[in-house]
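Numbering (the UniProt record's numbering), first residue to last: 1 to 296.
First the structure, in the form of structure tokens, and then the observations on it.
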Amino acid sequence: MSTSSFSAAHSQASTLYLPPGRWQTVLDCLCEHFSAIGREQWLDRIARGRVLDGQGQPIAVDLAYKEGLRIHYFREVPDEKPIPVIESILYADEHLVVADKPHFLPVTPAGEYVEQTLLRRLIRRLDNPHLVPLHRIDRHTAGLVLFSANPESRSAYQTLFPTRKIEKRYEAIAPALPELTFPLVHKSRLVEGEPFFRMQEGTGVSNTETAMDVREKNGELWRYGLYPVTGKKHQLRVHMSALGAAICNDPFYPQVLKDPVDDYANPLKLLAQGLRFVDPVTGQERTFESTLTLQW
Numbered sequence: 001m002s003t004s005s006f007s008a009a010h011s012q013a014s015t016l017y018l019p020p021g022r023w024q025t026v027l028d029c030l031c032e033h034f035s036a037i038g039r040e041q042w043l044d045r046i047a048r049g050r051v052l053d054g055q056g057q058p059i060a061v062d063l064a065y066k067e068g069l070r071i072h073y074f075r076e077v078p079d080e081k082p083i084p085v086i087e088s089i090l091y092a093d094e095h096l097v098v099a100d101k102p103h104f105l106p107v108t109p110a111g112e113y114v115e116q117t118l119l120r121r122l123i124r125r126l127d128n129p130h131l132v133p134l135h136r137i138d139r140h141t142a143g144l145v146l147f148s149a150n151p152e153s154r155s156a157y158q159t160l161f162p163t164r165k166i167e168k169r170y171e172a173i174a175p176a177l178p179e180l181t182f183p184l185v186h187k188s189r190l191v192e193g194e195p196f197f198r199m200q201e202g203t204g205v206s207n208t209e210t211a212m213d214v215r216e217k218n219g220e221l222w223r224y225g226l227y228p229v230t231g232k233k234h235q236l237r238v239h240m241s242a243l244g245a246a247i248c249n250d251p252f253y254p255q256v257l258k259d260p261v262d263d264y265a266n267p268l269k270l271l272a273q274g275l276r277f278v279d280p281v282t283g284q285e286r287t288f289e290s291t292l293t294l295q296w
């Protein structure tokens, strides 16, 4: 396997450094370490070259166990349920890909989603295993996602986000807040919440900031413009809920819906609508707009 192809494969694989133990083979270690995955499944993955060593080569079924050995493996979900939405590609060149993600489609593999993710779909569509997302948006959120298409220029684009050299504009539909004066800026400290996948506002110095305005009023519901200065997990959803206007159809805030089922007719009313930045490679100003819209 060439260096470039291994790097591409590695970006899609998970990595495990073998823990201390008395196993005879790597297979024995994997079976015990990942007890939810049966031995037959690991044998099948190894046979198909889906378990690699530190050099990116498929391992032998009898490879001897060694503490600290680096192993790469590809996550697989049997009988993965198709997600009946279609992403679109708004822009693509040798360095950058801009996708318009529909609601309910995860950006990257996690949990029960592996192939049914924006990343895996784009890798197949563009035949480019080097694709890496430059940022993330929630599975329930729709809109723009930037991908690096070239490892050689990736770091230049990655620095846009921590250095705040990219303007992000979101739109949300949520209950009216006539008692507040807009535009406004909401700052708070976000910390991990309960259950584990939620965030909540806590005490202490603020680590998040969102500017907000009102774009349209429609009775008890308003259309808000949201401009995150920071990019914490669930930031916009928590901030809107904290103001007393949880975004419409949010299954996590202000309360977690019990056993929520994806309702494709009633998605979370949150859209990553616009991105603007100076391209660090070409020096051109880039402006991208989502083609998706939020319906009342």
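Ideal Cβ positions, reconstructed from N, Cα and C, are used throughout, including at glycine.
The structure presented is a predicted model; accordingly, all values stated were derived computationally and were not measured.
Cβ neighbour criterion (16 or more within 10 Å) applied to residue i
i      : result
Glu220 : exposed
Arg237 : buried
Gly68  : exposed
Phe147 : buried
Tyr224 : buried
Ser14  : exposed
Trp23  : buried
Arg164 : exposed
Val191 : exposed
Glu171 : buried
Leu180 : exposed
Ala110 : exposed
Thr203 : exposed
Pro106 : buried
Ala174 : buried
Lys217 : exposed
Gly244 : exposed
Asp250 : buried
Val205 : exposed
Trp296 : exposed
Arg48  : exposed
Ser241 : buried
Ser88  : exposed
Close beta carbons around residue i, own chain, < 8 Å, minus the five adjacent residues each side
i           : result
Glu285      : Arg276, Phe277, Val278 and Asp279
Ala64       : Gln24, Thr25 and Val26
Leu43       : Leu27 and Val61
residue 348 : Here the chain comprises residues numbered 1 to 296, so residue 348 is not present and cannot be evaluated.
Thr159      : Lys165 and Pro280
Opening and closing residue of the alpha helix (DSSP H) in which residue i lies
i      : result
Trp222 : No alpha helix (DSSP H) holds Trp222; the beta strand (DSSP E) holding it covers Leu221 to Pro228.
Gln200 : Element bounds for Gln200: not the alpha helix (DSSP H) but the beta strand (DSSP E), Met199 to Gly202.
Cys29  : Val26 to His33
Gln41  : Arg39 to Ala47
Residues of its chain near residue i, where Cβ-Cβ distance is below 6 Å and the 5 sequence neighbours each way are ignored
i           : result
Ala211      : Val185 and Tyr227
Asp262      : Phe104
residue 300 : The shown model of the chain, from 1 to 296, leaves out residue 300, and the question about it has no answer.
Ala8        : The predicted position of Ala8 is uncertain, since its pLDDT is 44 and thus under 50; a value taken from the coordinates is nonetheless stated next. Contacts found: Pro129 and His130.
Thr287      : Arg276
His239      : His186 and Thr210
Asp213      : Phe182, Pro183 and Gly225
Beta bridge counterpart(s) of residue i as assigned by DSSP
i           : result
Tyr91       : Val98
Ser153      : Partner(s): none; Ser153 has no beta bridge.
His186      : Thr210
residue 299 : This structure cannot settle anything about residue 299, because the visible part of the chain is limited to 1 through 296.
Tyr17       : Arg70
Asn218      : Leu221
Phe288      : Leu275
Glu194      : Partner(s): none; Glu194 has no beta bridge.
Leu134      : For Leu134, which the question treats as bridged, DSSP gives no partner whatsoever.
residue 384 : Only positions 1 to 296 of the chain appear in this structure, which leaves residue 384 out of reach.
residue 328 : Because the chain in this structure spans residues 1 to 296, residue 328 falls outside the shown range and cannot be described.
Opening and closing residue of the beta strand (DSSP E) in which residue i lies
i      : result
His239 : Careful: His239 lies outside any beta strand (DSSP E), inside the alpha helix (DSSP H) at Gln235 to Ala242.
Val145 : Ala142 to Ser148
Glu112 : Note, Glu112: premise wrong, no beta strand (DSSP E); not H, not E.
Ala172 : Ile166 to Pro175
Gln273 : Leu270 to Val278
Cut-off 7 Å between Cβ atoms - residues of its own chain near residue i, not counting five sequence neighbours on either side
i      : result
Thr293 : none
Val281 : His95, Ser153 and Ala156
Pro82  : Gln116
Arg169 : Gly225, Tyr227, Gln273 and Gly274
Arg39  : Cys31
Leu122 : Val97, Ala99, Leu131 and Phe147
Cys29  : Leu18, Gly21, Trp23 and Tyr65
Residue i: CB within 7 Å of a non-hydrogen atom of the ligand SAM
i     : result
Thr15 : In the structure on display, the ligand SAM does not appear, and there are no ligands present to speak of.
Min CB distance residue i to chain C below 8 Å
i     : result
Ile86 : Among the chains of the structure shown, chain C does not appear; only one protein chain is present.
Check whether the segment 172-189 touches the segment 116-134, counting contact only when three or more Cβ pairs, one atom from each stretch, lie closer than 8 Å.
no
Do three or more CB pairs link the segment 253-264 to the segment 150-165 at distances below 8 Å?
no
Would you check if the segment 259-271 and the segment 132-142 touch, i.e. whether three or more CB-CB distances between them fall below 8 Å?
yes
Does the count of Cβ pairs from the segment 79-93 and the segment 24-43 closer than 8 Å reach three?
no
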